[in-house]
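Chemist: Can you keep this structure in mind? I'll have questions shortly.
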Amino acid sequence: MLSLFSTDRLSALTEKVRQFLEEEIYPIEKKLLQLPGKEAEILLNEKRKTAKKTGAWNLYLRPEQGGPGLSLPEIAQLGELLGTTPYGHYLFNCQAPDAGNIELLQEYTSGSLRAQFLQPLIEGNIRSCFAMTEPEYAGSNPILMATTAIRDGEDYLINGHKWFTTGADGAAFAIVMCLTDPEHPNPYERASMILVPTNTPGFRIIRNIPVMGHAGEGWASHSEIKLEQVRVPATNILGQPGQGFRLAQERLGPGRIHHCMRWIGIAERCFDMMCRRAVSREIASGQVLGHKQMVQQWIAESRAEIDSARYMVLHTAHEMETHGQKQAREAISAIKFLASGMLQRVVDRSLQTHGALGMTDDCLVSFYYREERAARIYDGSDETHKAALAKRILRQYGLK
Ligand SMILES: Cc1cc2nc3c(=O)[nH]c(=O)nc-3n(C[C@H](O)[C@H](O)[C@H](O)COP(=O)(O)OP(=O)(O)OC[C@H]3O[C@@H](n4cnc5c(N)ncnc54)[C@H](O)[C@@H]3O)c2cc1C
78 MLSLFSTDRL SALTEKVRQF LEEEIYPIEK KLLQLPGKEA EILLNEKRKT AKKTGAWNLY
138 LRPEQGGPGL SLPEIAQLGE LLGTTPYGHY LFNCQAPDAG NIELLQEYTS GSLRAQFLQP
198 LIEGNIRSCF AMTEPEYAGS NPILMATTAI RDGEDYLING HKWFTTGADG AAFAIVMCLT
258 DPEHPNPYER ASMILVPTNT PGFRIIRNIP VMGHAGEGWA SHSEIKLEQV RVPATNILGQ
318 PGQGFRLAQE RLGPGRIHHC MRWIGIAERC FDMMCRRAVS REIASGQVLG HKQMVQQWIA
378 ESRAEIDSAR YMVLHTAHEM ETHGQKQARE AISAIKFLAS GMLQRVVDRS LQTHGALGMT
438 DDCLVSFYYR EERAARIYDG SDETHKAALA KRILRQYGLK
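Written out as structure tokens, the structure is:
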């Protein structure tokens, strides 16, 4: 791995995490992938006890919050290493959406909500989810939604329909985006985030949506949810009424760095598998796949694309940390589609190099091929990021 912002503490932590993954996780990945989701979660929860001792638990948090206190570029580099296994981020309690939800609760809750939900989330004793997207509305335009939270005395009454709520199955609470002021003249001030315990009457998971033929369970689920007359105290709101989109923006910036670095880790893993296959698969007498120029081209292009994505993401992380998220907006949009596009190409080349084996559940590449197609859709589709970036650039040339 090429590193840009290397520090002694990062090297020490990286070594510990690498050793843990090599000794305890890579060898059981195949078994984990074949187990039903909830059984895999039990085994993973055992491994999380060891992960906690490495010092990288809650990778994104400051020491007073229960994390190692790394800079964003340092976090990004460890995030890449965690991405080399499908379980890395979960093992260290920094998987989406819990990591983002921890950040939100840290900033925007107080009193009993912190004791009841934030602390157990930091300790890894509960999970959470984030419910914004609705089946009836284009998720690409976040102001479009129908879920409402109507003030009723000291409570909010919530009604709505959500889907693709990652990790809802087994989560202790959801942060639900809902309209609290549907008529507000500024559409970006109509919605709020409200913490809803999943055992509140009226909160119902309809199904775990099968994605590409596989219905995930537990932390790997994507659920469809109905909220019918769900009553929660008005104090469960995060921040002020109408701040939902502002909070969502704050949550998404660092989240994109985390996703991009995880994708780079996945690409490295698939690249490694592609190279191993290229030198071991005999294609003719005395010749292996790696002797073929087309395979060599895939390898050379993949190496260049992974490294350039990494530099760009680390540069963006550095910009965000130094100058703030607003200053880094163009770079954040650029890395989102740059890294997700790179990921798809590298995983695809790796699968192709493995031939039929690459299509099977015996081969990790097929898992990534299926699982990570979504990278071009969530956290803002590639197209919305491209449009946003191009518009910002063209405005500097006078585009109205
Ligand atoms: C695996 C996975 C996990 C997810 N997890 C969560 C979660 O935890 N919580 C949550 O709330 N949501 C989640 N989502 C939902 C995700 O945020 C939405 O899918 C995303 O915002 C896109 O919305 P949509 O699916 O409604 O697509 P649409 O908005 O209907 O867009 C469809 C396609 O149209 C194109 N398009 C859209 N807008 C433009 C434009 N302006 N210019 C050009 N082309 C455009 C894009 O190609 C896009 O893919 C998840 C989705 C997936 C796949």
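Whatever position you read off the sequence shown (first residue = 1), add 77 for our numbering. Note that the Cβ used here is the ideal one computed from N, Cα and C, for glycine as well.
#1: In three-state DSSP terms, what is Glu305?
#2: Closest to Glu294 by CA distance: which of Gln364, Leu109, Gln402 and Arg95 is it?
#3: Taking the straight line between their C-alpha atoms, what separation do you get for Leu79 and Asp384?
#4: Please report how far the alpha carbon of Ile271 lies from the alpha carbon of Pro310, in whole angstroms.
#5: So for Lys239, helix, strand or coil by DSSP?
#6: Taking only three categories from DSSP, how would you classify Cys337?
#7: Tell whether a beta-carbon distance below 8 Å holds between Ile282 and Ala245.
#8: To which residues of the same chain is Val139 closer than 7 Å at the C-beta, ignoring the five residues directly before and after it?
#9: Would you give the residue range spanned by the beta strand (DSSP E) that Arg281 belongs to?
#10: Which of the three DSSP states is assigned to Ile314 in this structure?
#11: Let me check understanding here. Comparing Cα to Cα, which of Trp296, Leu182 and Gln306 lies closest to His166?
#12: So, under 8 Å CB-CB, Val372 and Thr430 are touching, yes? Tell me the CB distance rounded to an integer number of Å.
#13: Label Leu304 either buried or exposed according to how many other C-beta atoms from any shown protein chain fall within 10 Å of its C-beta, with 16 as the threshold for buried.
#14: With a threshold of 7 Å (Cβ to nearest heavy atom), would Phe207 be considered close to ligand 1?
#15: DSSP three-state call for Met389: helix, strand or coil?
#16: Taking the CB atoms as reference points, tell me whether Thr393 and Ile412 lie closer together than 8 Å.
#17: Can you tell me where the alpha helix (DSSP H) with Leu198 in it begins and where it stops?
#18: Shorter than 7 Å, the distance from the beta carbon of His299 to the closest heavy atom of ligand 1, or not?
#19: With a CB to CB cut of under 8 Å and the five nearest residues on each side skipped, what residues in its chain are close to Thr277?
Modeler: On the basis of the data shown:
#1: Numbered from its first residue, the sequence shown carries residue 305 at position 228. Looking at Glu305 - three-state DSSP - the assignment turns out to be strand.
#2: As a working mapping, residue 294 is identified with position 217 in the sequence shown. Considering only alpha carbons, the answer is Leu109.
#3: Along the sequence shown, read from residue 1 onward, the residue named residue 79 stands at position 2. Along the sequence shown, read from residue 1 onward, the residue named residue 384 stands at position 307. Its pLDDT being 49, under 50, Leu79 is placed unreliably by the model, and the measurement read from it follows with that caveat. Answer to the nearest angstrom: the Cα atoms are 8 Å apart.
#4: In the sequence shown, counting from the first residue as 1, residue 271 sits at position 194. In the sequence shown, counting from the first residue as 1, residue 310 sits at position 233. Near 9 Å, if we compare the C-alpha coordinates of Pro310 and Ile271.
#5: The count along the sequence shown starts at 1 and reaches residue 239 at position 162. In this structure, Lys239 counts as strand in the three-state DSSP scheme.
#6: For the purposes of this step, residue 337 is taken as residue 260 along the sequence shown, with counting starting at 1. In this structure, Cys337 counts as helix in the three-state DSSP scheme.
#7: Translated into the one-based positions of the sequence shown, residue 282 becomes position 205. Translated into the one-based positions of the sequence shown, residue 245 becomes position 168. Yes. Within cutoff.
#8: Walking along the sequence shown from the start, residue 139 turns up at place 62. In the sequence on display, residue 139 carries Arg and not Val. In its chain, beyond the 5 residues on either side, Gly146 have a beta carbon closer than 7 Å to the beta carbon of Arg139.
#9: Position 204 of the sequence shown, counted from the first residue, corresponds to residue 281. Judged by DSSP secondary structure, Arg281 falls within the beta strand (DSSP E) whose first and last residues are Phe280 to Asn285.
#10: For the purposes of this step, residue 314 is taken as the residue at position 237 of the sequence shown. In the structure shown, Ile314 sits in a strand (DSSP, three-state: E or B).
#11: For the purposes of this step, residue 166 is taken as residue 89 along the sequence shown, with counting starting at 1. Taking only the C-alpha atoms, the option nearest His166 is Trp296.
#12: Here residue 372 refers to the residue found at position 295 when the sequence shown is read from its first residue. Here residue 430 refers to the residue found at position 353 when the sequence shown is read from its first residue. So it is a contact: roughly 6 Å between Cβ atoms.
#13: Working through the sequence shown from its first residue, we reach residue 304 at position 227. Leu304 comes out buried.
#14: Taking the first residue of the sequence shown as position 1, residue 207 is located at position 130. At least one heavy atom of ligand 1 is nearer than 7 Å to the Cβ of Phe207, so yes.
#15: As a working mapping, residue 389 is identified with position 312 in the sequence shown. Met389 falls in the helix class under three-state DSSP.
#16: Translated into the one-based positions of the sequence shown, residue 393 becomes position 316. Translated into the one-based positions of the sequence shown, residue 412 becomes position 335. For Thr393 and Ile412, yes; Cβs fall inside 8 Å.
#17: Indexing the sequence shown from 1 puts residue 198 at position 121. Here the alpha helix (DSSP H) through Leu198 covers Gln196 to Glu200.
#18: As a position in the sequence shown, residue 299 is number 222, starting the count at 1. Correct: His299 has its Cβ closer than 7 Å to ligand 1.
#19: Taking the first residue of the sequence shown as position 1, residue 277 is located at position 200. Around Thr277: Val307, Arg308 and Val309.
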